[in-house]
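J.: Residue numbers (this note's numbering): 130 to 297.
Ideal Cβ positions, reconstructed from N, Cα and C, are used throughout, including at glycine.
Quick caveat, the model's predicted, so the values are computed rather than measured.
One structure follows; several queries about it will come next.
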């Protein structure tokens, strides 16, 4: 009987340790490094974070943190929206920051369909023209606002955008 109690307590202790370590591993902590530009050349001994190897700190420069990838519109779709997404593979300074940057050029009466970003969000900034921005909260309540040039709309998970007015 004594060995049975001992084995149950050992199992309970191992179970408790496993649960504790699982919670620690699943926690979202701050970045391990301040910066880690994606290495564009193969390295013999590379540091991998988020699946992309880091450039050596000795080879990192201010150039790694500047990009002109969003200076031109992206590819279009049938809904009148040109979208371009830039990730750490194209903008090396984004590596390990948990960020991607996007540009949407929406034609008059164009639409960015309702979409979501699991574990991410977006901020809409209107550079030119007018835009109807909307999102749904977790209770399916709709929040929408007409935005003019210079306006922005806060982070949200399920969103859509529609360009209602011609540029003036």
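CB residue 241 to CB residue 279, shorter than 8 Å?
T.: no
J.: Using 8 Å as the threshold, is the C-beta distance between residue 290 and residue 235 below it?
T.: yes
J.: With DSSP collapsed to three states, give me the class of residue 140.
T.: In this structure, residue 140 counts as helix in the three-state DSSP scheme.
J.: If we call anything under 8 Å between Cβ atoms a contact, is residue 202 one with residue 252?
T.: no
J.: In whole angstroms, what is the alpha-carbon distance linking residue 233 and residue 205?
T.: 9 Å
J.: With DSSP run on the structure shown, which of helix, strand or coil describes residue 209?
T.: coil
J.: Shortest alpha-carbon distance to residue 191 belongs to which of 221, 170 and 243?
T.: The alpha carbon of residue 191 has as its nearest neighbour, out of 221, 170 and 243, the alpha carbon of 221.
J.: Return the CA-CA distance between residue 193 and residue 140, expressed in angstroms with no decimal places.
T.: 50 Å
J.: What separation, rounded to the nearest whole angstrom, lies between the Cα atoms of residue 186 and residue 197?
T.: 23 Å
J.: Mind checking residue 226: buried by the 16 CB within 10 Å criterion, or exposed?
T.: exposed
J.: So, are the CB atoms of residue 167 and residue 217 less than 8 Å apart?
T.: Yes; because the gap between Cβ atoms is below 8 Å, this pair is in contact.
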